[in-house]
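Student: For the sequence shown, the tail end lands on 84 under my numbering, and the numbers increase by one without skipping. C-beta: ideal position from N, C-alpha, C; glycine also.
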Amino acid sequence: MGFDRTITDAVALMTHSDGVDYMDYVRMIKENPIAKAVKLADLKHNSDLTRLDVVDEKSLKRREKYLKAIALLEE
Numbered sequence: 010m011g012f013d014r015t016i017t018d019a020v021a022l023m024t025h026s027d028g029v030d031y032m033d034y035v036r037m038i039k040e041n042p043i044a045k046a047v048k049l050a051d052l053k054h055n056s057d058l059t060r061l062d063v064v065d066e067k068s069l070k071r072r073e074k075y076l077k078a079i080a081l082l083e084e
């Protein structure tokens with residue numbers, strides 16, 4: 010007994026393959042409601058700087074990327 014295909018398709022989309030532009034990856038996720046919901050929750054959590062002990066330049070750049078991805082998923 011396995012998982013329903015809607016679940017396995019969503020899980021497969023969650024893997025960011027090497028060589029695929031990050032925003033292209035996010036656009037693919039946007040087409041799947043389950044993957045989109047999971048990715049939005051993940052991005053919102055990851056862009057919360059209060060969860061970090063130290064906020065450095067790398068953290069701020071990563072947050073900027075995540076906020077762009079959130080905007081794309083929510084449009």
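Taking 8 Å as the limit between beta carbons, can you name the residues of its chain near S26, skipping five residues before and five after?
Tutor: In the sequence shown, residue 26 corresponds to position 17, counting from 1. Within the same chain, S26 has close Cβ partners Y34.
Student: Are the beta-carbon atoms of A19 and N55 separated by less than 8 Å?
Tutor: Working through the sequence shown from its first residue, we reach residue 19 at position 10. Working through the sequence shown from its first residue, we reach residue 55 at position 46. Against a cut-off of 8 Å, the Cβ pair of N55 and A19 comes out as no contact.
Student: Contact between the segment 43–52 and the segment 60–69: three or more CB pairs below 8 Å?
Tutor: Flag = no, the segment 43–52 and the segment 60–69 do not touch.
Student: Distance, Cα to Cα, A78 vs M23?
Tutor: Here residue 78 refers to the residue found at position 69 of the sequence shown. Here residue 23 refers to the residue found at position 14 of the sequence shown. So the two alpha carbons sit approximately 14 Å from each other.
Student: Need the endpoints of the alpha helix (DSSP H) that S68 sits in, please.
Tutor: In the sequence shown, the residue the question calls residue 68 occupies position 59. Segment E66 to E83, the alpha helix (DSSP H) holding S68.
Student: How long is the line joining the alpha carbons of R36 and L81, rounded to whole angstroms?
Tutor: Counted from its first residue, the sequence shown places residue 36 at position 27. Counted from its first residue, the sequence shown places residue 81 at position 72. Their Cα atoms are separated by approximately 7 Å.
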